[in-house]
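Trainee: Order-wise, the sequence lines are chains A and B.
This note's numbering puts the first residue of the first sequence at 1, with every later residue one more than the last.
This note's numbering puts the first residue of the second sequence at 1001, with every later residue one more than the last.
Glycine included, each C-beta is placed from N, C-alpha and C at the ideal position.
Quick one: the structure is below, and I'll ask about it shortly.
Number of protein chains: 2
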Amino acid sequence: MSYLDKTALQVVGTRPIRPDGVDKVTGRANFGADMTMPGMLWGRIKRSPHAHARIVSINTEKAQTLPGVRAVITRADFPDITPERAHIGAAPHNLRDMSLNCMAKGKVLYEGHPVAAVAATSPLIAEQALDLIEVEYEVLQHVMDVEAAMAETAPLLHDNIFTAGIEPKPEKPSNIAKVVRFAKGDVKAGFEEADLVIERRYTTKPVHQGYIEPHACLVSVGADGQTIIYSSSQGQFMVRAYTSRICGADIANIRAIPAEIGGGFGGKTIIYLEPLAYMLSKKSGRPVKIVMSREEVFRATGPTSGAVVEVKLGAKRDGHIVAAQSILKYQAGAFPGSPVQQGCICAMAVYDFPNALTVGYDVVCNRPKVAAYRAPGAPIGSFALESCVDELARELRIDPLRMREINGAKDGAKATHGITWVNIGYQKTLEAARASQHMKVALKPNQGRGIASGYWHNAGGESSAAVHVNEDGTVTVTEGHPDIGGSRASMAMMVAEVLHIPFERVRPVVGDTTAIGFSASTGGSRVTFAGGMAVTQAAEKVIEVLKKRAAVMWEISADAVEWKDGKVYPAGLNAGTFEPLDLAAIAARSARTGGPISAEVQINAQGQAPGFTTHICDVEVDPETGHVKILRYTAIQDVGRAIHPSYVEGQMQGGVAQGIGWALNEEYVYDQDGHLENPGFLDYRVPVCSDLPMIEAILIEVPNPRHPFGARGVGEVPIVPPMAAVANAIADATGLRLRDLPMSPPKLRAALDEREPTRVAAE
Amino acid sequence: MSYLDKTALQVVGTRPIRPDGVDKVTGRANFGADMTMPGMLWGRIKRSPHAHARIVSINTEKAQTLPGVRAVITRADFPDITPERAHIGAAPHNLRDMSLNCMAKGKVLYEGHPVAAVAATSPLIAEQALDLIEVEYEVLQHVMDVEAAMAETAPLLHDNIFTAGIEPKPEKPSNIAKVVRFAKGDVKAGFEEADLVIERRYTTKPVHQGYIEPHACLVSVGADGQTIIYSSSQGQFMVRAYTSRICGADIANIRAIPAEIGGGFGGKTIIYLEPLAYMLSKKSGRPVKIVMSREEVFRATGPTSGAVVEVKLGAKRDGHIVAAQSILKYQAGAFPGSPVQQGCICAMAVYDFPNALTVGYDVVCNRPKVAAYRAPGAPIGSFALESCVDELARELRIDPLRMREINGAKDGAKATHGITWVNIGYQKTLEAARASQHMKVALKPNQGRGIASGYWHNAGGESSAAVHVNEDGTVTVTEGHPDIGGSRASMAMMVAEVLHIPFERVRPVVGDTTAIGFSASTGGSRVTFAGGMAVTQAAEKVIEVLKKRAAVMWEISADAVEWKDGKVYPAGLNAGTFEPLDLAAIAARSARTGGPISAEVQINAQGQAPGFTTHICDVEVDPETGHVKILRYTAIQDVGRAIHPSYVEGQMQGGVAQGIGWALNEEYVYDQDGHLENPGFLDYRVPVCSDLPMIEAILIEVPNPRHPFGARGVGEVPIVPPMAAVANAIADATGLRLRDLPMSPPKLRAALDEREPTRVAAE
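What follows is the structure, given as structure tokens:
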């Protein structure tokens, strides 16, 4: 069935309170670190103090004899994962690398890389035991930056990386794990045809997702191997799959229970702690809890890549861009797997370039392995391209919105990465931007306005859902994805809509890995799309059951009943005369009509629709300090169908807030030895409320016809444009183009000083 | 599909270690009292010191002001349940009575009846607060015994009980809640036809299930009403249903999580604590834990009925019983609902009496409301009838086994309660008894041998099951019934059998109420039957999915694949040539062939088969002390199909052990004011290992054709015969007939003394 007609909807599109809301604001919700078990031990991790070193020896004897210490583990406790077993199913990660990232083997590859772990009866004893573990290192030369790591003479992190994606296959190992390339048309001819060609270089620093909740888990391995994992993650099935492989356990032996999650943004689509807690529990015979400190989060979990992006654009005088080229070099951290491919795809995808080439490099270096961060890879490439388009527009003296109207992606056009657009709302975001109140506000001195657009492809994939009709006609919906952005609400709303009952009669539950079929992680803006498709189908299956049960109650054929507005009716005059039955009436008799009423659905959801957005940002620059104040910010986004508009707006506001942090302040500061100097929120500066205006969200709804309610992913694309929108606004305010993130006060002040050296001298 | 051919089975019938076994013997398993939550309070219950009294007033003010007390509740905090809402669905209990049993209204009806409850930051403070609650009572005359309670002049417990089951409907209330009656043939004519008629009166005392784990729960009610209940019970869905009704909550708002259960035996098919903890949590805004003491278990949870049973039998000289009559009077405790009907049915059901009448009385009295106890009601009636048949056999000088061969139920015969027997194994148990080694052992002086048979009808009902095939081909089975007797093992075995994979690759999980469809409680010997039917069907559904997925992988029609021995094969030559695929191979590709592989089934299982058993008991009586030693005990039972023979044997041994305790020692001792004098295991004497021989279990397998594996319930019937078997053995050893349980040393010694008064004088 289709529910695309918005006017017929009763629940979808309204704004009920999220089912997990009250517990979260009253402090009752249980996050990863809130769990306890009888007899529980505390785990702590010994980490490398070096950015790159060979492990000569590890002596754990003293630690093991400290009273209260119950287990000490090192790499020797883990099975090796062969390259053939490094990938499972559709999971995107290399498990061999993940295992080596959880516990170093032979070499440490970044400051913070785990080398041993301890479980003890108290956190203090565990800390003391860490100091008793003696590790002898042979320090190696390290490399932190992407271009340095690409150099022929760079110190090698791994001896088994032979650049993939190039022909012929290299004979020598390097730090370049992969080269990706997308091309369309004839880019050389395009540049020759252009009236104006500009080339620019943009650089970004790694930034962290900054989730409030550090990673935490509690793992209990029974003497027979049966295991319970409580942890905070973006996917309990992901936790189960990765832990089982890294620890060599049968999947059925692991029950992964999702705690509430205090933010993930991609950073919890992988695991760090669970395998260590598993091995400590196995060795000690006791449940083991490990909770990271914030410092550990910064030193040893994945930020997104720092990068260098070179962009070259060629345009006609009328603003038509005839050729575009971008070279993206992304830090992967200690193991391959930067999101450079997404960076290549997403930046270009906003435009219908006749000729385009984009090449990406995935490069390892002595930093923590990067992790997914909201629209992984896209913001970096888009910062560069959206800045460069703005530079081009300014040179051509063309309104930046007009530049995008001319060159932007439209239905029927083919993107550089090969896809042909259907049902996309990009141009509608531009129309809405042009029509917005925001664009009508006049700017004052030192103020500027920036425009930037963004694209994210959104994901589908495997989801399961169960709908149980309880004896009183209330409904329990069980899904398999942790709720990060309000998906409990959206799931319950779709079920309530299909069953035509009040939202409050439906209670959604995020089940553990034994409570529901396999469900891929919460990520890729997939849950309301794929999970919503699954719950909708399950609710529809329940309706079929309800019709059959009513038929049994009425002793007529199931064909002779129909479902309408939340009730079963006899269909037509020949069916007989019966009072219609609602869920409660049918549920009350379910035992006598065939048993409990439930339906479960498993799908691999296809048909996710692209997300496009356009942002408008006004800034005011303080020429004295270089401080940039965000005056006003409007995000306009094609959301397909806003199941719960407040949480869609929240996603947009949250993405913008993170993007502004990335744009203006956030960065990792390493010293020359590869030691992180700002591993805490006092020195790593994420935006706080006073840094931000109320972010306006304008929802464009171009329904996705391949989703029953028209939903498309909404959670990630909002982080794509802000860095360029802010940069473009600063350029508008100051005439200065900042091409290195973050655009922090010292940098802007330096740029101002450079332009006006007399002023520096005068001070 | 049917798996009745035992020779084709690989897993069913073997004896693997139960999946919960290791955790239970290592102490890792979590029972009701093991759970904790952040911010948790401790609840304690104020109970009536009187057997019968009017509550004049309750003053909680002082308790409420005690520092650390966070909530005090009384009846005023609970909604009233109207008689119309006192029953839900197929649930057997009166919820209005259950609510009043959880918290007294107006009157207290037994010593231990709750009148208030407290939640405080420590158990000690909660205890102190109880003492500060002032309750003023007007003590009323009480009545403890069933015949006294039936008297016209007896004090009335309730003013709204008008005996049901008699015509005309009585005009005056009484303590007799119900009269039940089953008749067959012409009992008057039968007795007239008889050569010998005997009439006997038997009496039993209430006995407690004696589960090791006292009731315990932890309840968290969120500010928005969403609730988590952890508790130890025989049914998480039962806990959810009853708590929701008693507390006035939507079912969907309650998630009931089953803890491991330390024994139930019927006593945990109802609730006592959850509604109190719910209301304390709601009022305090904090999770509340309540754990009963053993004393509370004895004073205020349901034992089974004490009873008076009058039996009259008429027989021909050749042993044919031509008429049977029994009058059963069962204590219900404070509210109606003794298992007298089962007592009437089950005792008679063993025999094919041509003329029979049985009448039962359900009588309230000032004792704790009785609860189900293993084959509820049956052991009491059977103690009487099986003793009386033995008395008759002795008078007729006919071997007691022969008496049962002559008169016992057979296929095609109609029972007194109207059922016609099919596929019953009763006569086979007699054959096996006759052929047993046990019968060949010669008896010495003071030794005797008793025979008794038993019947229990076993239950079916609602069950749900889910089978999830994990990415590595291991299998998770989720069921909704707490595992008491090893049902995790039996569920996993049936699934392993159907899927043709090793038992160890299947992991069963008892899910919470959001993890699986509704499932009726563990009780009525129903789980391996009904749950097994559900898991078998779910596994078969999974096979259909596997076949479809293989067809997608091979790009052939789903009709062209077949399932054989745990693998999918191309069916026939035209299907093409492909290597067969096992679960792991198909699961590894499931994302690409349609998504996760799971199947869920909901059923209301019909076709449970009757359970018959015959027991042989040898005793030795110590004439000095009256102590009875059980020398040897053999239980022969038609188990249909033993899915896991060890756990079937365990059920038989456990039932016999409890029956021996009931026979010889267990009883409630009340003083004249209705105060229990032995509320603890030191004074209420359950059998310990040294009291028992190794109980031999002989399994007869007459498969139940209405179950895929032929299973019939096995857990309850073993407790039915022991009391009569022991009494018959004592009579055989001493010539003395004991007709009042327990047959404790003082009673036997008194009977010996009465027979030989000279010996008494000589001492």
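In chain B, which residues lie with their C-beta within 8 Å of the C-beta of A/ILE501?
Mentor: Correct list: empty, because the minimum Cβ distance to chain B is about 10 Å.
Trainee: Can you check whether the CB of B/ARG1526 is closer than 8 Å to the CB of B/GLY1460?
Mentor: Yes; because the gap between Cβ atoms is below 8 Å, this pair is in contact.
Trainee: Check whether the Cβ of B/SER1232 lies closer than 8 Å to any Cβ atom in chain A.
Mentor: Answer no: the Cβ-Cβ gap between B/SER1232 and chain A never drops below 8 Å.
Trainee: Expressed to the nearest angstrom, what Euclidean distance is found between the alpha-carbon atoms of B/LEU1682 and A/VAL221?
Mentor: Their backbone Cα atoms lie some 37 Å apart in a straight line.
Trainee: Whose C-beta lies closer than 6 Å to the C-beta of A/ASN94 among residues of the same chain, with five residues either side of it excluded?
Mentor: The answer, listed in chain order, is ALA86.
Trainee: Output, in chain order, the set of chain B residues within a Cβ distance shorter than 7 Å of A/ALA465.
Mentor: Within 7 Å Cβ-Cβ: nothing; A/ALA465 doesn't reach chain B, min ~11 Å.
Trainee: Select from the region 585–597 of chain A all residues with a C-beta closer than 9 Å to any C-beta belonging to chain B, and list them in chain order.
Mentor: Under the 9 Å Cβ criterion, the region 585–597 of chain A contributes ALA587, ALA588, ARG589, SER590, ALA591, ARG592, THR593, GLY594, GLY595, PRO596, ILE597.
Trainee: If you draw a straight line from the alpha carbon of A/ALA465 to that of A/LEU9, how long is it in whole angstroms?
Mentor: Those two C-alpha atoms are separated by around 22 Å.
Trainee: Is it buried or exposed, A/CYS689, if we count other Cβ atoms within 10 angstroms and call 16 or more buried?
Mentor: When all chains shown are included, A/CYS689 counts as exposed.
Trainee: I'd like to know if the region 1670–1686 of chain B and the region 1709–1716 of chain B are in contact, where contact means that at least 3 CB-CB pairs between them fall below 8 Å.
Mentor: With a cut-off of 8 Å, the region 1709–1716 of chain B and the region 1670–1686 of chain B do not count as touching, because too few Cβ pairs lie within range.
Trainee: Determine the closest residue to B/ASP1023 out of A/ASP224, A/GLY532, A/SER436, A/GLU701, with distance taken between C-alpha atoms.
Mentor: Checked all of A/ASP224, A/GLY532, A/SER436, A/GLU701; the closest Cα to B/ASP1023 is A/ASP224.
Trainee: In three-state terms, what does DSSP make of B/PHE1612?
Mentor: It is a strand residue.
Trainee: Taking its Cβ as the centre, do 16 or more other Cβ atoms sit within 10 Å of A/LEU124, making it buried, or is it exposed?
Mentor: Counting Cβ neighbours within 10 Å, A/LEU124 comes out exposed, since fewer than 16 surround it.
Trainee: Since A/ASN101 is in the alpha helix (DSSP H), which residue starts that stretch and which ends it?
Mentor: Start and end: 95–102.
Trainee: Do B/VAL1297 and the ligand FMN come close, with the Cβ less than 7 Å from some heavy atom?
Mentor: The ligand content of the structure shown is nil, which means the ligand FMN is not present either.
Trainee: Residues in its own chain within less than 6 Å of B/THR1734 by CB, not counting five upstream and five downstream?
Mentor: Cβ neighbours of B/THR1734 beyond the five flanking positions: VAL1621.
Trainee: Using a Cβ cut-off of 8 Å, which residues of the region 249–274 of chain A contact any Cβ in chain B, in chain order?
Mentor: Listed by position, the residues of the region 249–274 of chain A near chain B (Cβ gap below 8 Å) are ASP250, ILE251, ALA252, ASN253, ARG255.
Trainee: Should B/SER1338 be labelled buried (16 or more other beta-carbon atoms within 10 Å of its own) or exposed?
Mentor: That one is buried.
Trainee: Could you work out which residue in A/ILE700, A/SER57, A/TYR230 is closest to A/ASN423 when comparing CA atoms only?
Mentor: Nearest of A/ILE700, A/SER57, A/TYR230 to A/ASN423, Cα basis: A/ILE700.
Trainee: Using only the alpha-carbon positions, how far apart do A/GLU391 and A/LYS46 sit?
Mentor: Going by the C-alpha atoms only, they are around 48 Å apart.
Trainee: Three Cβ pairs or more, each shorter than 8 Å: is that satisfied between the region 1142–1159 of chain B and the region 1393–1401 of chain B?
Mentor: Result no; under three Cβ-Cβ pairs closer than 8 Å.
Trainee: Which of the three DSSP states is assigned to A/GLU763 in this structure?
Mentor: Below a pLDDT of 50, predicted positions are generally treated as unreliable, and A/GLU763, at 47, falls in that range; the measurement from the model is reported next regardless. Three-state result, A/GLU763: coil.
Trainee: Take B/GLU1763 and list the residues in its own chain whose beta-carbon comes closer than 8 Å to its own, dropping the five residues that flank it on each side.
Mentor: Caution is warranted here: a pLDDT of 47 is assigned to B/GLU1763, below 50, making its placement in the model unreliable, and the coordinate value is therefore given only provisionally. The answer is none, since no qualifying residue turns up.
Trainee: Could you check the C-alpha separation between A/GLY517 and A/GLN226 for me, to the nearest Å?
Mentor: Going from the Cα of A/GLY517 to the Cα of A/GLN226 covers about 19 Å.
Trainee: At the 8 Å Cβ level, is B/ARG1505 part of the contact set with chain A, yes or no?
Mentor: Yes, its Cβ sits closer than 8 Å to a Cβ of chain A.
Trainee: For A/GLU763, would you say it is in contact with chain B, using Cβ-to-Cβ distances shorter than 8 Å as the test?
Mentor: Below a pLDDT of 50, predicted positions are generally treated as unreliable, and A/GLU763, at 47, falls in that range; the measurement from the model is reported next regardless. By this cut-off, A/GLU763 is not an interface position.
Trainee: Taking the beta carbon of B/LEU1196 as the centre, do at least 16 other beta carbons fall within 10 Å, making it buried, or is it exposed?
Mentor: Per the 10 Å Cβ criterion, exposed.
Trainee: What three-state label does DSSP hand B/PHE1709 in the structure shown?
Mentor: Coil.
Trainee: Could you work out which residues of chain B lie near A/GLU462, taking near to mean beta carbons separated by less than 7 Å?
Mentor: Here the neighbours are ALA1591, GLY1595, PRO1596.
Trainee: Could you check the C-alpha separation between B/VAL1187 and B/ILE1321 for me, to the nearest Å?
Mentor: Distance between the alpha carbons of B/VAL1187 and B/ILE1321: 11 Å.
Trainee: With DSSP as the reference, please indicate the residues paired to B/LEU1313 in a beta bridge.
Mentor: Looking at the DSSP assignment, B/LEU1313 forms a beta bridge with B/ILE1198, B/ALA1324.
Trainee: Counting only beta-carbon atoms, is A/ILE543 nearer than 8 Å to chain B?
Mentor: No, its Cβ sits nowhere closer than 8 Å to a Cβ of chain B.
Trainee: Does DSSP classify B/ARG1018 as helix, strand or coil?
Mentor: Three-state DSSP puts B/ARG1018 in coil, outside helix and strand.
Trainee: What residues from chain A crowd round B/ASP1483, counting only those whose CB sits closer than 8 Å?
Mentor: Per Cβ cutoff of 8 Å: no residues; B/ASP1483 is ~13 Å from chain A at best.
Trainee: Straight-line CA distance for B/VAL1135 to B/ILE1058?
Mentor: Spanning the two alpha carbons is a distance of roughly 4 Å.
Trainee: If we define contact as Cβ-Cβ less than 8 Å, is A/PHE191 a contact residue for chain B?
Mentor: No, A/PHE191 lies away from the interface with chain B (no Cβ there is under 8 Å from its Cβ).
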